[in-house]
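Here is the structure we will look at, set down as structure tokens.
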Amino acid sequence: MQKLYVGTKSNRELQLIQALDFAKPGDTIVLMPGNYFTPNEPNIFEIEKDVTIVGKTYDCDDVKIFGSFFIKKGASLTIENLTVNYTRDKFNTVMMYDNDHFTAKNVHIKHSVDDNWNPIYAQNSTLSLTNSTISSCNNETQCLSVENCQLYLANNWMDAIYLKSSQCLIKDTTVNVSVTLDYVSTLDFVNLHVNAFNSLDRDEFYVFDDSRVTGKNLHFSSKKPQICVCQSSFTNNIFNDGLENITWYFDEQSNVKADDVTPFTNGLD
8 MQKLYVGTKS NRELQLIQAL DFAKPGDTIV LMPGNYFTPN EPNIFEIEKD VTIVGKTYDC
68 DDVKIFGSFF IKKGASLTIE NLTVNYTRDK FNTVMMYDND HFTAKNVHIK HSVDDNWNPI
128 YAQNSTLSLT NSTISSCNNE TQCLSVENCQ LYLANNWMDA IYLKSSQCLI KDTTVNVSVT
188 LDYVSTLDFV NLHVNAFNSL DRDEFYVFDD SRVTGKNLHF SSKKPQICVC QSSFTNNIFN
248 DGLENITWYF DEQSNVKADD VTPFTNGLD
């Protein structure tokens, strides 16, 4: 394993492309502070081998990559101390489909176009994000959408997330708008803050189709948060904003416990 340094010359974009081409599995690419590619001409990187890309900084805004990472063929990509932003439509900022692995530490992953494409989309893969921010221009779009994946999220700030047939562990994280579980998904969390926008007609939590949520320390920014559970289970101990402010919607097939007590349900339409 070796380190390849990029950004020491004026043609930093070509250096980065060549470093990814020449890197051997397990190598680390170190990026000097600066911008790589431009918002008008972002680049799409296809990752087909295990590689780590690290910004030589502690501030992730010092190293900005305008582009997208498409992880393929069971590869593993780790990024640290940088910002990656895809600035065109009809493409994700990070995507993976086939037993791939993605790790992010101290990064900002953005999708700066107001469309319905997720900043991160994954199928059949494993993801780990810590001390990072994931954001989208469109509040109606999940910034993290996964299917049949395993996730670990710690100390992150991100827009809405959608889990389908996936397993997720969350710790010390803020999620904007809503959290949705579908098709036999599971979520275990400690210290989760759901920062819903009151102007949006959305519940803070959706739990559907034999999914399960188990948590401790749940905080809502909305004055009247709503939780919807359908044929699933939801259990949490310690509601930091007062259990009495929550409106519950769940059916008879669901198992819901709030501080070890089944709350009143308004039913499901």
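Under the working numbering, the first residue of the sequence shown is numbered 8, with each subsequent residue one higher.
Built from N, CA and C at the ideal position, the CB exists for glycine as well.
Cβ neighbour criterion (16 or more within 10 Å) applied to residue i
i, result
"N123", "exposed"
"S268", "For the sequence presented, residue 268 should be read as Val rather than Ser. Exposed."
"D28", "exposed"
"E87", "buried"
"D66", "exposed"
"M102", "buried"
"D107", "buried"
"N273", "exposed"
"T148", "buried"
"K117", "buried"
"D262", "A quick correction: the sequence has Asn, not Asp, at residue 262. Answer is exposed; the Cβ neighbour count stays below 16."
"Q22", "buried"
"M165", "buried"
Opposing strand residues paired with residue i [DSSP bridges]
i, result
"Y43", "I72"
"V120", "V120 is not bridged to any residue."
"L188", "L170 and V214"
"S83", "H108"
"A161", "T137 and K178"
"R19", "The partner list for R19 (beta bridge, DSSP) is empty, contrary to what the question assumes."
"Q233", "T254"
"R95", "Note: R95 sits in no beta bridge, so no partner."
"D228", "A small correction: the amino acid at residue 228 is Ser; Asp does not occupy that position in the sequence shown. Its beta-bridge partners do not exist; DSSP assigns none."
Rounded distance between the beta-carbons of residue j and residue i, thought under 8 Å
i, j, result
"L199", "C175", "The pair is not a contact, with the Cβ atoms about 11 Å apart (cut-off 8 Å)."
"S75", "I51", "5 Å"
"V184", "V214", "Rounded, the Cβ-Cβ distance is 15 Å, inconsistent with contact."
"I36", "V13", "6 Å"
"V58", "T94", "Not confirmed; about 23 Å, so no contact."
"S83", "N125", "That belief does not hold up - the Cβ atoms of S83 and N125 are roughly 20 Å apart, past 8 Å."
"S143", "H115", "That belief does not hold up - the Cβ atoms of S143 and H115 are roughly 12 Å apart, past 8 Å."
"T100", "D68", "With 8 Å as the limit, T100 and D68 do not qualify as a contact, their Cβ atoms being about 16 Å apart."
"C156", "S173", "5 Å"
"N80", "D96", "Strictly speaking, residue 80 in this sequence is Lys, with Asn absent from that position. At roughly 26 Å, the Cβ-Cβ gap does not stay under 8 Å, so K80 and D96 are not in contact."
"V201", "V186", "6 Å"
Backbone secondary structure at residue i - three-state DSSP
i, result
"C156", "coil"
"Q238", "coil"
"E55", "coil"
"D248", "coil"
"D266", "coil"
"C175", "strand"
"D210", "coil"
"A129", "strand"
"Q25", "helix"
Residue-chain proximity (residue i, chain B), Cβ-Cβ < 7 Å
i, result
"K117", "Note that chain B does not occur in the displayed structure, where there is just one protein chain."
- Inter-stretch contact at 8 Å, needing at least 3 Cβ pairs: the segment 217 to 234 / the segment 245 to 256: yes
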